[in-house]
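In UniProt numbering, the protein residues as written are 1 to 493.
Note that the Cβ used here is the ideal one computed from N, Cα and C, for glycine as well.
Please read all numbers here as calculations on a predicted model, not as lab measurements.
Below is one structure, written out as structure tokens; the observations come after it.
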């Protein structure tokens, strides 16, 4: 089928029907002209709330989530998109999405765009991250470098397929052209056999344990070994620390080490060596969030986890701010920026639960943020009061955008301390006290392992450990200094 789409002069894409399609298509036609300027578009968008929301709904239609649409859209020379009895060019749709991404990326225009979306940050993310633009960006990225089949899959793992095997086979014709190794299509294989074979091949060929970070056996529906991801259960609201869509934020917890692994004769038990960081000592409460859109519950999660922090320890405060955002955004590093984040969350809790007493430390951090924004000078010029207020509102919206990052990382995770409170981080919601946190050699992120019976271990999931995400633990393992980390062997079933 891929060859057919390659040879076609034009591919017609049918999204189905939607009552708000016409509003979305009208917006695309008006903003999708090549001559549209960013300034003109920004003025127009302030009065286009209904159309912007319709566009977000358009990109949430089931069509975009199907794995098989990649065959249609990645190789098409030209695309015409149909929804109901309306149609438009795919090129216009991509131009509008790129325009909205540029507006979203600017601190000067983000606030205006967010207000036009009625402060719906989820919908604002959708119009820039999904649809045709997502597929085009993947295609452009894949042509610039060699990718493993897994790296190709990770960019589309939130899609769906009726046959679970098509989560891999639906990508084969495209990924095999770009991958360092190829996957043969064989529907004679069962789902467990295919997923397990794919995991082994990826680990052996790519010399990395990136595959391991996607394993969440508690959500396994295919009777797989715990170290093998179940691709049929990956959902769009699952955000991983090693996000294939954001390579600029990649972690390298295992440094430059290669995996030290072997497989038993059945191919289902993997033995790996890992740097042991310690055991989970203290766990924060589960968030009880159904998804990353449960904003009020995310505020409660922050409040509970913050209560575990020493109110007088500023270094702990900074580490906590890094942890709850998974160290994203990466450019937020100095102390004042990190405390701005904490102040914003204090304001967030107050906004969600105004009857609750405000934490004094968080209130101070928020007051400092507001004062700094109001008193900031622009060059040698003093700003007018109206300009100060306007800039403060913009700064608030930019800071508040971090709520979405926190919700994405916290909704199915828990805050934790390692032995004696030496390190803090985030672990899967299924983690328990006593679970081992370690860094398998060749793995970009720390992992949580649990001993099921003596000598037999299972994967719980990936972890974030503050201060140990860039090879620090590997660089000091094996010496005789007090507090150094040791390498141990784990048989994963």
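Between which two residues does the beta strand (DSSP E) carrying residue i extend?
| i | result |
| --- | --- |
| residue 462 | 456-462 |
| residue 12 | 11-14 |
| residue 491 | 486-492 |
| residue 309 | Taken as a continuous stretch (DSSP letters only), residue 309 belongs to no beta strand (DSSP E), as it is neither H nor E. |
| residue 272 | 270-283 |
| residue 436 | 436-440 |
| residue 162 | Per DSSP, residue 162 belongs to no beta strand (DSSP E) and is neither H nor E. |
| residue 83 | 79-83 |
Please state the DSSP three-state secondary structure of residue i.
| i | result |
| --- | --- |
| residue 498 | Outside the displayed range of the chain (1 to 493) lies residue 498, so it cannot be described from this structure. |
| residue 344 | helix |
| residue 396 | helix |
| residue 450 | strand |
| residue 425 | strand |
| residue 252 | coil |
| residue 154 | helix |
| residue 193 | helix |
| residue 18 | coil |
| residue 183 | coil |
| residue 34 | coil |
| residue 417 | strand |
| residue 473 | helix |
Going by DSSP, what residue range makes up the alpha helix (DSSP H) through residue i?
| i | result |
| --- | --- |
| residue 410 | 402-410 |
| residue 101 | 90-105 |
| residue 260 | Taken as a continuous stretch (DSSP letters only), residue 260 belongs to no alpha helix (DSSP H), as it is neither H nor E. |
| residue 374 | 360-375 |
| residue 323 | 314-324 |
| residue 228 | Per DSSP, residue 228 belongs to no alpha helix (DSSP H) and is neither H nor E. |
| residue 55 | 49-58 |
| residue 169 | 166-178 |
| residue 69 | 69-73 |
Residue i to residue j, Cα distance in whole Å?
| i | j | result |
| --- | --- | --- |
| residue 232 | residue 193 | 14 Å |
| residue 367 | residue 361 | 10 Å |
| residue 28 | residue 49 | 13 Å |
| residue 485 | residue 250 | 23 Å |
| residue 53 | residue 30 | 16 Å |
| residue 285 | residue 432 | 11 Å |
| residue 65 | residue 138 | 15 Å |
| residue 447 | residue 80 | 44 Å |
| residue 20 | residue 101 | 22 Å |
| residue 59 | residue 372 | 39 Å |
| residue 224 | residue 263 | 15 Å |
| residue 174 | residue 70 | 8 Å |
| residue 325 | residue 422 | 19 Å |
| residue 357 | residue 320 | 21 Å |
| residue 493 | residue 295 | 36 Å |
| residue 155 | residue 130 | 11 Å |
| residue 488 | residue 12 | 55 Å |
| residue 444 | residue 92 | 38 Å |
| residue 87 | residue 132 | 14 Å |
| residue 215 | residue 460 | 8 Å |
| residue 67 | residue 302 | 35 Å |
| residue 474 | residue 465 | 13 Å |
| residue 359 | residue 310 | 13 Å |
| residue 386 | residue 62 | 45 Å |
| residue 222 | residue 195 | 9 Å |
| residue 495 | residue 404 | Because the chain here runs from 1 to 493, residue 495 falls outside it and cannot be looked at. |
| residue 355 | residue 122 | 26 Å |
| residue 125 | residue 179 | 29 Å |
In chain order, what residues of the same chain lie with their CB nearer than 6 Å to the CB of residue i, ignoring the 5 residues before and after it?
| i | result |
| --- | --- |
| residue 96 | 28, 31, 32 |
| residue 36 | none |
| residue 299 | 348, 349, 352 |
| residue 451 | 457 |
| residue 206 | 148 |
| residue 220 | 230 |
| residue 463 | 425, 427, 437, 446, 448 |
Which same chain residues end up closer than 8 Å to residue i when comparing Cβ atoms and leaving out the 5 residues on each side of it in sequence?
| i | result |
| --- | --- |
| residue 335 | 314, 318 |
| residue 420 | 281 |
| residue 259 | 203, 207, 208, 209, 272, 440, 441, 442, 443 |
| residue 435 | 279, 280, 427, 448, 449, 450, 460 |
| residue 515 | This structure gives no information on residue 515, because the portion of the chain shown stretches from 1 to 493. |
| residue 153 | 167, 168, 171, 175, 231 |
Can you list, in chain order, the residues of its chain with a C-beta nearer than 7 Å to that of residue i? Leave out the 5 residues immediately preceding and following it.
| i | result |
| --- | --- |
| residue 187 | 165 |
| residue 51 | 23, 24, 26, 27 |
| residue 118 | 49 |
| residue 504 | This structure does not reach residue 504, given that the chain is present from 1 up to 493, and the question cannot be answered. |
Between the stretch 282-299 and the stretch 403-411, do three or more beta carbon pairs fall short of 8 Å? Segments in contact, yes.
Tell me whether the stretch 262-271 and the stretch 190-206 touch, counting them as touching only if at least three CB pairs, one residue from each stretch, are closer than 8 Å. Counting Cβ pairs under 8 Å, three or more are found: they touch.
If contact is defined by three or more beta carbon pairs under 8 Å, each pair taking one atom from either stretch, is the stretch 159-177 in contact with the stretch 219-231? Judged by Cβ distances under 8 Å, the stretch 219-231 makes contact with the stretch 159-177, as three or more pairs qualify.
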